[in-house]
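Asks:
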Amino acid sequence: MRDVLKTEELDIPEGVKVSIKSRVIVVEGPRGTLTKNVRHVNMDILIQQGKTSKVSLAVWQGGRKHVACLRTIRTLINNMVIGVTQGFRYKMRAVYAHFPINCIIQNDGTKVEIRNFLGEKAVRHVAMLEGVKIAESSAQKDELILEGNDIDNVSQSAASIQGICRVRNKDIRKFLDGIYVSDKGAISEE
């Protein structure tokens, strides 16, 4: 059954400026600017100015799948707002049973080199996506910290590191070596 009108609203905090032009969303905040193109989703996106700014999303005559896009786009904008105010941090741990995995950060935190994975001589290189910085943790051994404003780029960089350290041609129940995400979320003010 089609609903005549479904809406979602999102409050915009102080210090964040959201502009929307033909379903291209630009969010500006203290940490920078993020842009997202959502032209592929047919919906009304409006900014309501008042005491507090709000982003209003509306779908007219939408089916079940179309209405589900409302919450998706709302969460996308919310993640952009969190990104330009706090930023996102992913923590990754190197797990090994015998051969210690060496992670070498290069190019001022834009590239990581992984050596000695399962004792292999092959060197693995992973370049971070735009706006993502990688650093070694000073508090925890064998821990990498990825930080950035765009949650898509930070999570994809973490996935690229995890994916390049997959165990092949062995029993993965026994060989649990790899670099895995141990913690993720917004950068909390510490």
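Residue numbers for the sequence shown follow this note's numbering, beginning at 777 and rising by one.
For every residue, glycine included, the Cβ atom is placed at its ideal position computed from N, Cα and C.
Do Ile940 and Ile890 count as a contact pair if the criterion is CB distance below 8 angstroms?
Replies: A contact, by the Cβ cut-off of 8 angstroms.
Asks: Checking 8 angstroms against the spacing of the C-beta atoms, do Val792 and Ile801 come in under that value?
Replies: Contact flag unset, no.
Asks: On a Cα-Cα basis, can you pick out the residue from Ala911, Lys782, Glu912 that is closest to Gly841?
Replies: Note that residue 841 is Lys in the sequence shown here, rather than Gly. Out of Ala911, Lys782, Glu912, Lys782 has the C-alpha closest to the C-alpha of Lys841.
Asks: What do you reckon, are the CB atoms on Arg871 and Asp953 nearer than 8 angstroms?
Replies: A quick correction: the sequence has Val, not Arg, at residue 871. Yes, the Cβ-Cβ distance between Val871 and Asp953 is below 8 angstroms.
Asks: Asn925 and Leu810 - do their beta-carbons sit closer together than 8 angstroms?
Replies: A contact, by the Cβ cut-off of 8 angstroms.
Asks: Give me the Cα-Cα distance between Val780 and Leu846, rounded to the nearest whole angstrom.
Replies: When rounded, the distance between both Cα atoms is 14 angstroms.
Asks: Whose C-beta lies closer than 6 angstroms to the C-beta of Ala903 among residues of the same chain, with five residues either side of it excluded?
Replies: Contacts found: Lys887.
Asks: Name the one or two DSSP bridge partners that Thr968 has.
Replies: Absent from the model: residue 968. The displayed extent of the chain is 777 to 966, so no value can be given.
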